[in-house]
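Chemist: The structure that follows is given in the form of structure tokens.
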Amino acid sequence: MSNNVIDTIQPLAQAIVAAHQFELVDIEFVREGQSWYLRIYIDKPGGINIEECAMVSDELSEKLDTMDPDPIPQAYFLEVSSPGAERPLKKEADYQNAIGQYVHIGLYQKVDGKKVFEGDLAEVTPETLTINYLDKTRHKTVTVKREQIAQARLAVKF
């Protein structure tokens, strides 16, 4: 059900977000406890503010309320927000824009004895990512295949 809702909402959300020259980063439709949440993540160069999130929320809510048939028949909460400092990397453009930035990459299986790498994204190809990371005091480089990646996001370096 979650994917059907996302597939239905995505073109509508994309049109509203693009009209304001924002970027649609991601859409989630998830159940948490007894409640359903439709989460829309938007961004723009320099970051998105709360007023812009509210504007998109109002427009999207109005459109969703007038759709027939209702794409989401059960009760849900609509949340429109920034993806935050640890923005997920999902689209090819996300990976390209993250080159040179600090990233967190989680893998399905270990590579060089590790399932998680945090470091600077050095190179992106259609098949692989190359990350420069620090292992204790040693600088290392790892190249992972895209199909091995379970999760990728920007990370905050401490």
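Numbering of the sequence shown is given in this note's numbering, commencing with residue -13 and proceeding in unit increments. Idealized CB from N, CA, C, for every residue including glycine. Quantities reported herein were computed from a predicted structural model and do not represent experimental measurements.
1) For the segment 32 to 77, list the beta strand (DSSP E) runs that are entirely contained and at least 3 residues long, ordered along the chain.
2) For PRO57, which residues from the same chain have a beta carbon less than 8 angstroms from its beta carbon, with the 5 sequence-adjacent residues on both sides left out?
3) Taking 8 angstroms as the cut-off, does the segment 128 to 144 touch the segment 67 to 81 (at least 3 CB pairs, one atom from each stretch)?
4) Considering only C-alpha positions, which residue in the set THR114, ILE13, ALA4, ILE28 is nearest to TYR81?
5) Given a cut-off of 8 angstroms, decide if ILE26 and VAL16 are closer than it, judged by their beta-carbon atoms.
6) May I ask you to list the residues that DSSP assigns as paired with GLY92?
7) Spatial neighbours of LEU120 within its chain, please: C-beta separation below 8 angstroms, excluding the five flanking residues on both sides.
8) Count the other C-beta atoms from every protein chain shown that fall within 10 angstroms of the C-beta of VAL102, then say buried if there are 16 or more, exposed otherwise.
9) In the structure shown, what three-state DSSP assignment does THR111 receive?
10) At the level of alpha carbons, what is the spacing between ILE34 and LEU(-2)?
Modeler: Quick answer:
1) 63 to 67
2) Locating residue 57 in the sequence shown gives position 71, counting from the first residue. Cβ within range, chain order: VAL(-9), THR(-6), ILE(-5), LEU50.
3) yes
4) Within the sequence shown, numbered from 1, the residue matching residue 81 stands at position 95. Answer by Cα proximity: THR114.
5) One-based indexing of the sequence shown puts residue 16 at position 30. One-based indexing of the sequence shown puts residue 26 at position 40. Not closer than 8 angstroms, so no.
6) Counting from 1 along the sequence shown, the entry for residue 92 is found at position 106. In the DSSP output, where bridge partners are listed per residue, GLY92 has VAL102, GLN137.
7) As a working mapping, residue 120 is identified with position 134 in the sequence shown. GLY105, LYS126.
8) Within the sequence shown, the letter at position 116 stands for residue 102. The residue in question, VAL102, is exposed, as its Cβ has fewer than 16 Cβ neighbours within 10 Å.
9) Residue numbering aside, residue 111 sits at position 125 when the sequence shown is read from its first letter. Three-state DSSP puts THR111 in coil, outside helix and strand.
10) The residue you call residue 34 lines up with position 48 of the sequence shown. The residue you call residue -2 lines up with position 12 of the sequence shown. Going by the C-alpha atoms only, they are around 19 angstroms apart.
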